[in-house]
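> Under our numbering, the residues of the sequence shown are numbered 124 to 497, in order. Just passing along the structure, written as structure tokens.
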Amino acid sequence: MLVFQRLRRLYILAITLLFCIIFIQFIPYFGTGLGTSPLTCRLSATPPHIPSSHASNNCPLLSTSRPQADSSDTKLASALSPAELLCRSPKSLQGGIPKLLHQSWKSTELPAKFKKWSNTCRRQHPDWEWVLWTDEDNLQLVKQYFPWLEDTFLSLPGNIYRADLARNLYMYLFGGVYADLDTECLRPTLSGLASQNISLPDQHSKTFGDEASMARVALFGRMGSDPTFDHSIPNAWMAASAGHPFFLFPMSSAQAEIQKSRRILHSWWYDYPSAEQLTGPIALRKNVKQYESCGDAANTIIVLPDSMVYPFNWNTEEDVRSPCSAEKETFNETQCKNVLGVDLKGSISITYWSHTHRGKGSDMENIERISQDK
Ligand SMILES: *[C@@H]1O[C@H](CO)[C@@H](O)[C@H](O)[C@H]1NC(C)=O
Ligand SMILES: *[C@@H]1O[C@H](CO)[C@@H](O)[C@H](O)[C@H]1NC(C)=O
């Protein structure tokens, strides 16, 4: 009899324990809905510490690692190596958009078409600096300025996830413009925005040097006319003042997702979200919506109309895709720009969506395609 009662108690205890474990696994979902990040607006009030004095002892060693200067063409934005940029103190006290163009690829060897399009961007911004980040540089950036994010960064399931996340770090730390390498720049960014009556905070909008009252801006582009489409705010182009708190949202939501993936029971059936969902365009749109609902008046977000940076919507009719998609045999940039009327629309750039990544890895066929320039 006694043995039976003891067993029953053990049995009840075991069942209770099991339910507790299952319950704990689901806590992150409550109140947020499946797949949305458990962030709150409080995040913007507590940015992580960014050291203002960098690890200068690393600098002499790093800056010799990669000469990138392409001195033959003086009308191009001057090449600045990531190592050099990392050695500068982040310019967190400027309200406008710094004259700094960021691009990234797995290495410094750009496929032919990327090189050509990248040069169109440098040519439209001759008085800017241009930084090409590699996978290796991105890791260095994280280690140096975002050590709290290193574990998350390394745990992401592919380099495309890391490249997607890193552009938010460039924006947060340095500001400027980020553009994917399959982007052709059609006119200078700042005058292009001004001519479309997009007003930016003053480049030097400082009130008595008070950082808290400074106005920062982050710009993204709309693609297509359906704002409910979950790819409608791509991350192929972004522009921002340094230190804009929005960019902490993508970092924190990636961190939360990685932590979620590690829950013991969860990992039994956990499958990583795609790069688009975790760090790419779908995540960007979700984070923009969330940030906008927080209403930070000093640090605004502008989503530019669809003609501005994504005049080519990849989710469109075949007669536009045929000349405009870099994945097609029929791709013809001149024809594409004519079809879309980018001159009349005042577009500042166009992304041809070369799709060099598939799933968690590279798409070799598409890389081969953009490696040929004809
Ligand atoms: C910008 O504003 C000016 C002056 O208000 C106006 O004449 C012009 O048409 C506007 N341009 C666009 C693209 O809306
Ligand atoms: C691309 O289109 C333009 C204008 O339609 C045409 O003149 C040109 O020959 C085409 N280029 C190629 C390589 O087909």
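Backbone N, C-alpha and C fix where the C-beta goes; we use that ideal spot for every residue, glycine too. Note that the structure is a prediction, hence the values are computed from the model and not measured.
1. Between the stretch 350-365 and the stretch 401-411, can you find at least three pairs of beta-carbon atoms closer than 8 angstroms?
2. Name the DSSP beta bridge partners of I490, please?
3. Quick check for students: name the residue ranges of the beta strand (DSSP E) that lie wholly in the stretch 298-328, counting only runs of 3 or more.
4. Can you tell me which residues form a DSSP beta bridge with E456?
5. Go ahead and pull the three-state DSSP assignment for I473.
6. List the residues that DSSP assigns as beta-bridge partners of Q361.
7. Tell me which residue opens and which closes the alpha helix (DSSP H) that N529 is part of.
8. Among the residues of its own chain, which have a CB less than 7 angstroms from the CB of Y393, if the five just before and after it don't count?
9. Starting from S430, trace the alpha helix (DSSP H) in both directions and tell me its first and last residue.
10. Contact defined as beta carbons within less than 8 angstroms: I believe M361 pairs with N436. What is the distance between those atoms, to the nearest angstrom?
11. For ligand 2, any of its heavy atoms closer than 7 angstroms to the Cβ of Q495?
12. What whole-angstrom Cβ distance do L304 and W251 have, given they're in contact under 8 angstroms?
13. First and last residue of the beta strand (DSSP E) that includes E252?
14. For a test of the three-state rule: what should DSSP assign to Q226, helix, strand or coil?
15. At a cut-off of 7 angstroms, would you count N242 as near ligand 2, judging by its Cβ distance to the nearest heavy atom?
16. Does DSSP classify S485 as helix, strand or coil?
17. Going by beta-carbon coordinates alone, are S470 and L255 separated by less than 8 angstroms?
18. Using only CA atoms, which one of Q458, N422, P249 lies nearest to L313?
19. Among D349, G298, A286, which one has its Cα closest to the Cα of N358?
20. What residue range is occupied by the uninterrupted alpha helix (DSSP H) comprising F372?
21. If you measure from the CB of Q319, is any heavy atom of ligand 1 nearer than 7 angstroms?
22. Here's the rule: buried if 16 or more other CB atoms are within 10 angstroms of the residue's CB, otherwise exposed. What is S188?
23. Taking the straight line between their C-alpha atoms, what separation do you get for R481 and S230?
24. Have a look at the DSSP bridge pairing and note the partners of I424.
25. Determine the closest residue to E440 out of P324, E207, L463, with distance taken between C-alpha atoms.
26. Please list, in chain order, all residues of the same chain as L208 whose beta carbon is under 6 angstroms from its beta carbon, the five residues on each side excluded.
27. So who's on the other strand from H354, going by DSSP bridges?
28. Leaving out five residues on either side along the sequence, give the residues of the same chain with a beta carbon under 7 angstroms from the beta carbon of L130.
29. Would you kindly report the start and end of the unbroken alpha helix (DSSP H) that includes A206?
30. In the structure shown, what three-state DSSP assignment does A200 receive?
31. Assuming P446 is part of the alpha helix (DSSP H), what are its boundary residues?
According to the structure shown:
1. yes
2. Note: I490 sits in no beta bridge, so no partner.
3. 299-302, 306-308
4. Its beta-bridge partners do not exist; DSSP assigns none.
5. strand
6. The question names Gln, but residue 361 is Met in the sequence shown. Y301, per the DSSP bridge assignment.
7. Examination of residue 529 is not possible in this model, given that the chain is present from 124 through 497 alone.
8. S384
9. 429-432
10. 18 angstroms between Cβ atoms; not a contact.
11. no
12. No, L304 and W251 are not in contact; Cβ-Cβ is about 16 angstroms, not under 8 angstroms.
13. 252-256
14. strand
15. no
16. strand
17. no
18. P249
19. A286
20. 371-384
21. yes
22. Legend: pLDDT at S188 = 43, less than 50; position of this residue unreliable, value from coordinates given subsequently. Under this definition S188 is an exposed residue.
23. 18 angstroms
24. A341
25. L463
26. V254
27. DSSP output for H354 lists no bridge partner at all.
28. none
29. 205-210
30. coil
31. 441-447
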